[in-house]
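Chemist:
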């Protein structure tokens with residue numbers, strides 16, 4: 011009888027242990043799925059799809075277009091018309107294509123200013139080869155200065171709530187670059203096409 015009680019105790023313990031392991035694994039999987047859902051890529055296009063990039067801040071506007079020359083794939087069209095620094099432009103493109111949002115949350119639309127969106131610190135506009143475009147609007151840094159507040163493809167301006175994402179501070183690194191840092195090193199000392207045209211007009 012004592013042996014039977016011991017057997018039943020071991021059996022119940024084994025069942026409870028299995029149930030505990032199962033619940034732990036299910037809970038861990040749910041947490042992982044939730045984390046993956048939060049840390050999702052901004053956009054679903056590839057680097058090859060991008061045809062034009064515009065970076066607009068309160069101080070300046072930079073525009074880049076894909077070049078036909080594969081060795082020099084990008085050219086700046088504003089504020090200068092010169093070959094762009096491929097490494098610098100590619101760094102930004104890689105950010106846009108692969109970077110993930112650390113966390114998403116919503117705020118009332120009337121709190122935009124508190125997060126640095128009225129006006130925004132910068133707007134990244136991406137135009138694709140299928141004639142569609144996407145936007146990443148950047149606000150200020152979070153209180154820990156670890157991430158930037160951002161709006162990704164914001165919807166109607168009249169909506170009562172706005173979805174905010176936490177994005178990498180690497181975007182701020184691109185915003186801090188001077189105009190000449192976006193240009194190919196060999197072309198930084200060369201006059202732009204606009205400058206050459208204006209000089210010719212003055213001579214005529």
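In the working numbering, the protein residues as written are 11 to 214.
Note that beta-carbon positions come from the ideal geometry of N, C-alpha and C, so glycine has one too.
None of these values were measured; they are calculated from a predicted model.
(1) Is residue 59 near residue 158, with beta carbons less than 8 Å apart?
(2) Can you list, in chain order, the residues of its chain whose CB lies under 6 Å from that of residue 41, leaving out five sequence neighbours each side?
(3) Assuming the contact rule is C-beta atoms closer than 8 Å, residue 57 and residue 107 should be a hit. Round their C-beta distance to whole Å, please.
(4) Below 7 Å, is the gap between the Cβ of residue 98 and the nearest heavy atom of the ligand HEM?
(5) Just the C-alpha distance for residue 174 and residue 162, rounded to the nearest angstrom, thanks.
(6) Taking residue 182 as the reference, give the member of 90, 52, 93 and 149 with the closest Cα.
(7) Taking the alpha helix (DSSP H) that residue 181 falls in, what are its first and last residues?
(8) Would residue 68 be called buried (16 or more neighbouring beta carbons within 10 Å of its own) or exposed?
(9) Once DSSP output is grouped into helix, strand and coil, what is the label at residue 120?
(10) Using beta-carbon positions only, say whether residue 151 and residue 105 come within less than 8 Å of one another.
(11) Once DSSP output is grouped into helix, strand and coil, what is the label at residue 97?
(12) Once DSSP output is grouped into helix, strand and coil, what is the label at residue 141?
Modeler: Looking at the atomic coordinates:
(1) no
(2) Residue confidence for residue 41 is low, a pLDDT of 45 falling below 50, so the modelled location carries little weight; the figure read from the coordinates is stated next. If we look at residue 41 and ignore the five residues flanking it on each side, it has no Cβ neighbours.
(3) 5 Å
(4) The model on display carries no ligand, and the ligand HEM is accordingly not part of it.
(5) 8 Å
(6) 149
(7) 180-185
(8) exposed
(9) helix
(10) no
(11) helix
(12) coil
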